[in-house]
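In our numbering, the protein residues as written are 3 to 92.
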């Protein structure tokens, strides 16, 4: 039997995942329609590096860094039918 605390934790995790997936989908749509995808890719790469370095240097739990990495994975996921590019063209 599930305890109230376990049920609350599961509901909170489900809410967070739903929120992350919705934001990732919105970001992919914005990236796909951006007028300067190469400039956007450069800026996103810089922001990701800055944010990741900040997280790694802070005293937050490792779960936060894991969540950061998983959220970025959701954002950069590319379906073959989508033209979403997060790295500058060579």
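Each residue gets a CB set at the ideal place from its N, CA and C atoms; glycine is no exception.
Asked	Found
Contact between the region 53-63 and the region 20-39 (3+ Cβ pairs under 8 Å)	no
Backbone CA spacing between residue 85 and residue 72 [nearest angstrom]	Per-residue confidence for residue 85 stands at a pLDDT of 49, beneath the threshold of 50, marking its modelled position as unreliable; no derived number is given.
CB contact flag (residue 76, residue 23, <8 Å)	yes
Length of the line joining the Cα atoms of residue 17 and residue 65	16 Å
Local Cβ density within 10 Å of residue 35, reported as buried at 16 or more and exposed below that	exposed
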